[in-house]
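K.L.:
Chains as they are written, first to last, in the numbering used here: chain A, 1065 to 1339; chain B, 236 to 529. Take this structure, written in structure tokens, and hold onto it; I'll ask about it next.
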């Protein structure tokens, strides 16, 4: 019995391992080929690189305007996520503590709006903001992310604020804190686990988003990483070496973060789904 | 709760706490959404400052647009197959990875990796796999299945979309299923096994009914994401060969921004919204009825 179970466990383990290798196989291919010359890539994509060189990387690094794209992506993602978290937590807190009809309806409207797909909004969005000249800047994009990201964030925060006893805040108010101080010193710190969840869900979305930035950001200097990857791929379609290196450069930062924050990211996704 | 004194103080508090969020939300989502409905009744071409009301002409054009319905049906087929496969693969992985295997958290982390990367990049990676690596393997091992790039065959190109979609989202849904499976109470499973229930019976009569909430979330998320697929479509197949894999999202984009037919494009987007909303709400409503208490 013992032995049979052991064999079964091993078979499962090996089967899973094979699945996992197949799963990450595309990334392995990318890694291997990013160090090879164009000719070697097309003639034998499976072989390991003969003479290991960084040339593709330096090439892609320059042509993608990597530094600029990476900086744009970081600024947009960080500012959007920080603002979404703060503003949504404040709004959710206000809604929970002031349960008037108006607030309940507004909250319901936000929840209902989550079902609207971006494609149903993009055309009028571009028309409205194009006509007032508020396109083609990071700030416009960040502002839009707040609009699109707040419904889910308010919804998740709403559920957790309810679990904070109101007495806690009343005590702070009696002790002389203002409403704003109470929120930032008492409520927001208690909400940290929820904030982590919301930050993770939003980083995964905003860092990788393509369609909205492609409509809003027009000038090449404003491009985010997904945009610059896209245009790079469109311009150098046959030059496989630098393309592979370019893709690696796009994936690498996320992989490095994942290596360290893996536990939180998986937990964040779990928490975010239990609504 | 203690309330603020004075109307001004209350208003200031409200503006401070809800003002910025609600302004962005209304100005970015609600107003464009409503304005979009208005746009469907105009013939705006994207450049001119004026446009005139044309009544239901755009909707008539939508119903006559054979290409739209073709890509719509294609999207339905794609969504149906993808959602079914994503959730089966994800559930199976989650089930195996909650059975107390060694290194199961490493496996979970590994299967999640595709979700860290955007659809654009994933599409390019797989484009290389399908048009170079697999063709090379096909030639070396003389496998006719892989001898020509799948991306140049309309029928196979459709399946590349499915394969990559399932590969991309299975890990995400797996994480949600894992959370659900960990909440299935161990004592009732033990009781069942003492009563002599085999694996299949336990699965059918206990685990699956208890997992209904997880299935609701996963099916909802995968439905929404698959219906709206754009990035992957653009970078993997570009809608080709010969527009054979053009999903509805890409069609709307092209109608509006490339053919400059904004009114019709928006009308199609609106029809799409109505159908997706109906399908997802119906899905949640009907599957809520299957929920049970442990």
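Ideal Cβ placement from N, Cα and C applies to all residues, glycine included.
1. Can you give the Cα-Cα distance for residue 1227 of chain A and residue 405 of chain B, rounded to whole angstroms?
2. Note down, in chain order, each residue of its chain lying with its Cβ closer than 7 Å to the Cβ of residue 1066 of chain A, except the 5 sequence neighbours on either side.
3. Quick one: which unbroken alpha helix (DSSP H) runs of 4-plus residues sit fully inside the stretch 392-441 of chain B? Chain order, please.
4. With residue 1102 of chain A as the anchor, note down where its alpha helix (DSSP H) starts and where it stops.
5. What does a CB cutoff of less than 6 Å around residue 343 of chain B pick up in its chain, not counting 5 residues either side in sequence?
6. Taking contact to mean at least 3 C-beta pairs separated by less than 8 Å, is the stretch 1141-1161 of chain A in contact with the stretch 429-449 of chain B?
7. According to DSSP, simplified to helix, strand and coil, what is residue 277 of chain B?
8. Step through the CB atoms of chain B and report whether any lies within less than 7 Å of the CB of residue 1330 of chain A.
9. Looking at C-alpha atoms only, which residue of A/1174, A/1104, A/1187, A/1074 is the closest neighbour of residue 484 of chain B?
10. Helix, strand or coil for residue 1173 of chain A per DSSP?
11. Looking at chain E, which residues of the stretch 1232-1248 of chain A have a Cβ within less than 9 Å of any of its Cβ atoms?
12. Straight-line CA distance for residue 263 of chain B to residue 1209 of chain A?
13. Would you tell me roughly how many angstroms separate the C-alpha atoms of residue 1166 of chain A and residue 1266 of chain A, rounded to the nearest one?
14. Can you name, in chain order, every residue of its own chain whose Cβ lies under 6 Å from the Cβ of residue 1275 of chain A, other than the five neighbours on each side?
15. Quick one, are the C-beta atoms of residue 1297 of chain A and residue 359 of chain B less than 7 Å apart?
16. Measure the Cβ-Cβ separation of residue 466 of chain B and residue 355 of chain B and say whether it is below 7 Å.
17. How would you label residue 496 of chain B, buried or exposed, when you count the other beta carbons within 10 angstroms and need 16 or more for buried?
18. Among all the DSSP beta bridges, which residues are the ones paired with residue 288 of chain B?
19. Per the contact definition of three or more C-beta pairs closer than 8 Å, is the stretch 442-449 of chain B in contact with the stretch 415-423 of chain B?
20. Just the chain B side, please: which residues come within less than 7 Å of residue 1211 of chain A by C-beta, in chain order?
21. So if I threshold CB-CB distances at 9 Å, which residues from the stretch 460-475 of chain B count as touching chain A?
22. Taking only beta carbons into account, state which residues of the stretch 1103-1127 of chain A come closer than 8 Å to chain B, listed in chain order.
23. Could you check whether the Cβ of residue 1158 of chain A sits closer than 7 Å to any Cβ belonging to chain B?
24. Please confirm whether residue 1175 of chain A and residue 1225 of chain A have their CB atoms less than 7 Å apart.
25. Give, in chain order, every unbroken run of the alpha helix (DSSP H) that is at least 4 residues long and sits entirely within the stretch 467-506 of chain B.
P.N.:
If we stick to the structure as given:
1. Residue numbering aside, residue 1227 of chain A sits at position 163 when the first chain is read from its first letter. Residue numbering aside, residue 405 of chain B sits at position 170 when the second chain is read from its first letter. So the alpha carbons of these two residues sit roughly 32 Å apart.
2. Taking the first residue of the first chain as position 1, residue 1066 of chain A is located at position 2. For residue 1066 of chain A, the predicted model reports a pLDDT of 46, less than 50, meaning its position is unreliable; a value from the coordinates is still stated below. Cβ neighbours of residue 1066 of chain A beyond the five flanking positions: none.
3. 421-429, 434-437
4. Numbered from its first residue, the first chain carries residue 1102 of chain A at position 38. Element bounds for residue 1102 of chain A: 1102-1107.
5. As a working mapping, residue 343 of chain B is identified with position 108 in the second chain. Result list for residue 343 of chain B: 332, in chain order.
6. no
7. As a working mapping, residue 277 of chain B is identified with position 42 in the second chain. Strand.
8. In the first chain, residue 1330 of chain A corresponds to position 266, counting from 1. True, the Cβ-Cβ gap to chain B drops below 7 Å.
9. Here residue 484 of chain B refers to the residue found at position 249 of the second chain. Of the candidates A/1174, A/1104, A/1187, A/1074, the one whose C-alpha sits nearest the C-alpha of residue 484 of chain B is A/1187.
10. Position 109 of the first chain holds residue 1173 of chain A. In the structure shown, residue 1173 of chain A sits in a helix (DSSP, three-state: H, G or I).
11. Any reference to chain E falls outside this structure, whose protein chains are A and B.
12. Along the second chain, one-based indexing puts residue 263 of chain B at 28. Along the first chain, one-based indexing puts residue 1209 of chain A at 145. Roughly 9 Å separates the two Cα atoms.
13. As a first step, residue 1166 of chain A must be located in the first chain, where it is residue number 102. As a first step, residue 1266 of chain A must be located in the first chain, where it is residue number 202. Rounded to whole angstroms, residue 1166 of chain A to residue 1266 of chain A spans 28 Å at the Cα level.
14. Indexing the first chain from 1 puts residue 1275 of chain A at position 211. Cβ neighbours of residue 1275 of chain A beyond the five flanking positions: none.
15. By 1-based counting over the first chain, the position of residue 1297 of chain A is 233. By 1-based counting over the second chain, the position of residue 359 of chain B is 124. Yes.
16. Along the second chain, read from residue 1 onward, the residue named residue 466 of chain B stands at position 231. Along the second chain, read from residue 1 onward, the residue named residue 355 of chain B stands at position 120. A contact, by the Cβ cut-off of 7 Å.
17. Position 261 of the second chain, counted from the start, is the residue given in the question as residue 496 of chain B. The residue in question, residue 496 of chain B, is buried, as its Cβ has 16 or more Cβ neighbours within 10 Å.
18. The residue you call residue 288 of chain B lines up with position 53 of the second chain. In the DSSP output, where bridge partners are listed per residue, residue 288 of chain B has B/277.
19. Two segments are said to touch when three or more pairs of C-beta atoms, one from each, lie closer than 8 Å; by this definition the stretch 415-423 of chain B touches the stretch 442-449 of chain B.
20. Indexing the first chain from 1 puts residue 1211 of chain A at position 147. Simply 259, 260, 262, 263, 264.
21. 462, 463, 465, 466, 469, 470
22. 1105, 1106, 1108, 1109, 1110
23. For the purposes of this step, residue 1158 of chain A is taken as the residue at position 94 of the first chain. So yes, residue 1158 of chain A belongs to the interface.
24. Along the first chain, read from residue 1 onward, the residue named residue 1175 of chain A stands at position 111. Along the first chain, read from residue 1 onward, the residue named residue 1225 of chain A stands at position 161. In this structure, residue 1225 of chain A does not lie closer than 7 Å to residue 1175 of chain A by Cβ.
25. 483-488
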